[in-house]
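Take a look at the structure set out below.
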Amino acid sequence: MAKEPAYEKAARAKAARKRAAEIQAARLKTSERAVAKGRFIVIEGSGGKALAMAAKRLQKSVRRRGNPAGVSPWDASGIFYEILDGPREVAGATPRTVLLLYAADLAFRLRWQILPALEDGATVIAAPYVDAGIAFGRAMGISQTWLHELFSFAPVPHASYRVEEENIPSLQRGKPAENFLEFAFLHLRRSAGRWPTEEIRTQFLAYLKNREARGNCKLLTAEVLQALAAAGK
Numbered sequence: 563m564a565k566e567p568a569y570e571k572a573a574r575a576k577a578a579r580k581r582a583a584e585i586q587a588a589r590l591k592t593s594e595r596a597v598a599k600g601r602f603i604v605i606e607g608s609g610g611k612a613l614a615m616a617a618k619r620l621q622k623s624v625r626r627r628g629n630p631a632g633v634s635p636w637d638a639s640g641i642f643y644e645i646l647d648g649p650r651e652v653a654g655a656t657p658r659t660v661l662l663l664y665a666a667d668l669a670f671r672l673r674w675q676i677l678p679a680l681e682d683g684a685t686v687i688a689a690p691y692v693d694a695g696i697a698f699g700r701a702m703g704i705s706q707t708w709l710h711e712l713f714s715f716a717p718v719p720h721a722s723y724r725v726e727e728e729n730i731p732s733l734q735r736g737k738p739a740e741n742f743l744e745f746a747f748l749h750l751r752r753s754a755g756r757w758p759t760e761e762i763r764t765q766f767l768a769y770l771k772n773r774e775a776r777g778n779c780k781l782l783t784a785e786v787l788q789a790l791a792a793a794g795k
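Quick look at the structure:
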């Protein structure tokens, strides 16, 4: 079999990249149309109990105003649950693999939970969303460019908030099955090398806090919860 000329191979690769970009652009337009019909709110955090409780409180507040509302939680796809339910002797996933899994779970949530509900005009509360993944990646030293490209498929929400987790005792952080950051730490402990998980946690929370300081999100307080509930469509 004759070897494919280099120029033909390069042209085929360029065409494939162009087609992938066109598909991505079409998906983003579909996402934007869906987001325009509903109200999309993001609450960022590690994925533990504080985040779950905040999302549930907001959902109840919105529903009391007569508006349909739903919560899209971490691991709606069951990817992480299936990994945790597998053999324990398997080596832990690398940080990049954890982030790829997180992105796959988020793509599932968007396809089957978030966008259909927004298309129907409902309020959707995603807890957590993109920034939690980026916060973990930055704490692990992964480049901002790689992370932004990884999550480029995710539409921009109408509003973004964070829960305060800086002073949560270790016993109240939740198990790996209910907390994204604890899942990641479990795999870091199973992989090669020693990872300073408490330092990583501090950097993770600092990233979200810095987002707040720059005006990219707000701290979710009781007053903010009340205002969000009253602002329903």
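The sequence shown begins at 563 in this note's numbering and counts up by one.
C-beta: ideal position from N, C-alpha, C; glycine also.
>> Could you tell me which whole beta strand (DSSP E) segments of length 3 or greater appear in the segment 716-762?
In response: 721-724
> On the three-state DSSP scale, how would you describe residue 603?
Replying inline: strand
> Could you give the uninterrupted runs of the beta strand (DSSP E) lying entirely in the segment 650-695, keeping only those of 3 residues or more?
Replying inline: 685-689
> Does the Cβ-Cβ distance between residue 663 and residue 716 come in under 8 Å?
Replying inline: no
>> Considering only their Cβ atoms, is the gap separating residue 687 from residue 633 smaller than 8 Å?
In response: yes
> From what residue to what residue does the alpha helix (DSSP H) around residue 617 run?
Replying inline: 611-626
> Expressed to the nearest angstrom, what Euclidean distance is found between the alpha-carbon atoms of residue 766 and residue 597?
Replying inline: 28 Å
> Secondary structure at residue 781, three-state DSSP: helix, strand or coil?
Replying inline: strand
>> In the DSSP assignment, the beta strand (DSSP E) including residue 522 goes from what residue to what residue?
In response: Outside the shown range of the chain (563 to 795) lies residue 522, about which nothing can therefore be said.
> With residue 609 and residue 743 assumed to form a contact (beta carbons below 8 Å), what rounded beta-carbon distance in angstroms separates them?
Replying inline: 6 Å
>> Please identify the residue among 727, 748, 790 whose C-alpha is closest to the C-alpha of residue 611.
In response: 727
>> On a Cα-Cα basis, can you pick out the residue from 600, 625, 615 that is closest to residue 792?
In response: 625
>> If distances are taken between C-alpha atoms only, which option among 637, 774, 738 comes closest to residue 690?
In response: 637
> For residue 680, which residues from the same chain have a beta carbon less than 7 Å from its beta carbon, with the 5 sequence-adjacent residues on both sides left out?
Replying inline: 596, 597, 599, 600, 602, 686
> Any idea if residue 702 is buried or exposed, counting beta-carbon neighbours within 10 angstroms, 16 or more meaning buried?
Replying inline: buried
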